[in-house]
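2 protein chains.
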Amino acid sequence: MTIETVSENRSHSGTQGVYKHPSTETGTDMTFSVFVPPQADDRPCPVLWYLSGLTCTHANVTEKGEYRAACAKAGIIFVAPDTSPRGEGVADDDAYDMGQGAGFYVDATQEPWSPHFRMRSYVERELPALIAEHFPADMDRQGITGHSMGGHGALTIGLRNPETFRSISAFAPIVSPLNCPWGEKALSGYLGEDRADWREYDACALIADGARADALLIDQGTADQFLEEQLKPQLLAEACKDAGIPLTLNMRSGYDHSYYFISSFMADHVAWHARRLKA
Amino acid sequence: MTIETVSENRSHSGTQGVYKHPSTETGTDMTFSVFVPPQADDRPCPVLWYLSGLTCTHANVTEKGEYRAACAKAGIIFVAPDTSPRGEGVADDDAYDMGQGAGFYVDATQEPWSPHFRMRSYVERELPALIAEHFPADMDRQGITGHSMGGHGALTIGLRNPETFRSISAFAPIVSPLNCPWGEKALSGYLGEDRADWREYDACALIADGARADALLIDQGTADQFLEEQLKPQLLAEACKDAGIPLTLNMRSGYDHSYYFISSFMADHVAWHARRLKA
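Chain order of the listed sequences is S and W. Read in order, the letters of the first sequence correspond to residues 2 to 280 in the working numbering. Read in order, the letters of the second sequence correspond to residues 2 to 280 in the working numbering.
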């Protein structure tokens, strides 16, 4: 598998790169960013995946996420994929919460989405193989985090693959697509109307159905405009309580849904993953 | 003097704001950003000014500068002005290095620039008065920094006003507009062809003519594409040596001219100013 270097910049004693490759899963070119810390000059480093939210590409967190200082300190490779396939031949929707920029980390089964919208398999299988091949990554030590729709992605991908992802956290995640307008619209569109098919894409349902994690870390702003209608962290708190999963849910007073919030707590999350990944 | 709040976001335990006001100096609306750290809840805080480079607005450093963690730790207010007047009635040039986005922190004397291009007086007088009126700032403790064209601005404004700016640093600054293509184009356009009129806008000439500072801090990437032709830090090193000004010139191996470079050393600069401002 080949990748094309879009850009590489020296930053925080490491290298911030942006790369492009033809994806067999999505049938499109996909762009992603990777920060390689200075420790990788000497040894393979653990990997922290960051899945982005609605409307985002790899670029938002790469420019605004403020993760490099913490990753350079801990010796962690930080990988940020795109949020969907893109391009002229790819189905789209006029709304910001469906189609391009809104892949919801599912493998779509419904037309017109199913040919290209395979972000679950892309993030779970294709891109990790590419990272393992092209970067100094210790793939036995991977953690996953994300924001909003990407927090949903991190939780569900992490919970479904506990052997791969040894640490899971999220910023203001959608914790239950079964129980919010964003999720109901996206999953009915991508997966059809049978809600039983949605459960593997719903963190709370996965836990109710038996998925487990050693611990979960969530940060959530109290001034987040999407808190009440879309995000509903209390549903995850209840699911974790019922399942005996230790959840650290930090409600952050006055913070909103933006990267001004994410960047404020990014170093905490990187350090949390670093401890669990023995970075 | 009134200001309009464009946005305010909680970040790093403080508030990142963007504001707009009608400027009497430029005759236009001007936008700027201010980060107020949590310490300002209890007491006035020192101010660090950041002047941006060619093509930038306040937004570049606000989104990519990674200064908030360091300013929140040290208790420093961070102010980022725009780089020029803007708008339909304002003169412009097709090139990126002249006109809107390229004010060079001068008071223009030449047509068509002179009516609006008054960034020297705007940054030296009008905006500080506005900051003093509207923010919990200790205006007796101000430092100044900047990048590229804004590094030139920080050095020249700082050197001309040692009573106001008690600490001066820069990232990859234009140290001598008299001796580089960017500077020669801009200063001849804004100030006319008499090079004697340029000297108060040239850090090296200001020092040769008697300006002094307790210390200067410069970070410069060795892979900066503008290093040889435009930036020439060795000219500042020579001027400082002749004048007995202690200059710390950190040549950073492999770093370029981008915010990936600036953000890598921003915390160092904030801490350097904090020590001198007794933050």
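Here a beta-carbon is modelled for each residue, glycine too, at the ideal position from N, C-alpha and C. For clarity, every value in this text was computed on a predicted model and none was experimentally measured.
Within-8 Å CB hit, residue i to chain W
i	result
S/Asp-225	no
S/Gln-17	yes
Residue i versus residue j - alpha carbon distance
i	j	result
S/Ser-8	W/Pro-45	42 Å
S/Pro-129	S/Gly-144	12 Å
S/Leu-228	W/Gly-28	42 Å
W/Asp-42	W/Ile-4	20 Å
W/Lys-65	S/Val-62	10 Å
W/Trp-114	S/Arg-167	60 Å
W/Asn-162	S/Val-271	42 Å
S/Asp-141	S/Thr-165	7 Å
S/Ile-208	S/Ala-197	14 Å
W/Thr-16	S/Gln-111	44 Å
S/Val-35	W/Met-99	35 Å
S/Thr-84	S/Gln-101	8 Å
S/Leu-188	S/Phe-105	8 Å
S/Val-37	W/Glu-67	18 Å
W/Met-276	W/Asp-269	According to the sequence provided, residue 276 of chain W is Arg. The question's Met does not apply to it. About 11 Å.
W/Asp-257	S/Asp-243	52 Å
W/Asp-139	W/Leu-131	13 Å
S/Ala-206	S/Tyr-191	18 Å
S/Gly-54	W/Ala-238	47 Å
W/Ala-216	S/Met-150	48 Å
S/Pro-137	S/Gly-76	11 Å
W/Asn-10	S/Gln-226	12 Å
S/Lys-21	S/Pro-182	33 Å
W/Val-107	S/Arg-121	54 Å
Where residue i meets chain S, residues with beta-carbon distance less than 7 Å
i	result
W/Asn-10	Asp-257, Ser-259, Tyr-261
Residue i: contacting residues in chain W (beta-carbon distance under 7 Å)
i	result
S/His-13	Ser-265
Run of the beta strand (DSSP E) containing residue i, from where it starts to where it stops
i	result
W/Trp-50	46-52
S/His-59	Run containing S/His-59: none in the beta strand (DSSP E); it sits in the alpha helix (DSSP H), 59-65.
W/Leu-228	Premise fails: W/Leu-228 is in no beta strand (DSSP E) and is neither H nor E.
S/Leu-218	217-222
S/Tyr-20	15-23
S/Arg-167	166-172
W/Glu-89	W/Glu-89 -> no beta strand (DSSP E), and no H or E assigned at all.
S/Gly-144	138-147
W/Met-31	30-37
W/Ser-8	5-12
W/Pro-82	78-82
Listed by chain order, chain S residues near residue i by CB distance under 8 Å
i	result
W/Lys-65	Glu-64, Lys-65
Contact under 8 Å by Cβ, residue i with residue j
i	j	result
W/Tyr-123	W/Thr-56	no
W/Gly-154	W/Leu-49	no
S/Met-2	S/Glu-134	yes
S/Leu-160	S/Ala-204	yes
W/Ala-214	W/Ile-169	yes
S/Met-31	S/Pro-116	no
W/Ser-12	S/Tyr-261	yes
W/Glu-185	W/Glu-26	no
W/Leu-236	W/Val-176	yes
S/Cys-241	S/Leu-248	yes
S/Pro-39	S/Ala-73	yes
S/Pro-178	S/Gly-152	no
W/Phe-118	W/Pro-82	no
S/Ser-254	S/Thr-223	yes
Segment limits, alpha helix (DSSP H) that includes residue i
i	result
W/Asp-269	260-277
W/Glu-185	182-192
W/Arg-161	150-161
W/Gln-235	234-244
W/Arg-69	69-75
W/Ile-132	128-135
W/Leu-250	Where W/Leu-250 is concerned, there is no enclosing alpha helix (DSSP H), although the beta strand (DSSP E) it sits in stretches over 248-253.
S/Leu-209	Here the sequence assigns Ala to residue 209 of chain S, which means Leu is not the residue at that position. Taken as a continuous stretch (DSSP letters only), the alpha helix (DSSP H) holding S/Ala-209 covers 204-209.
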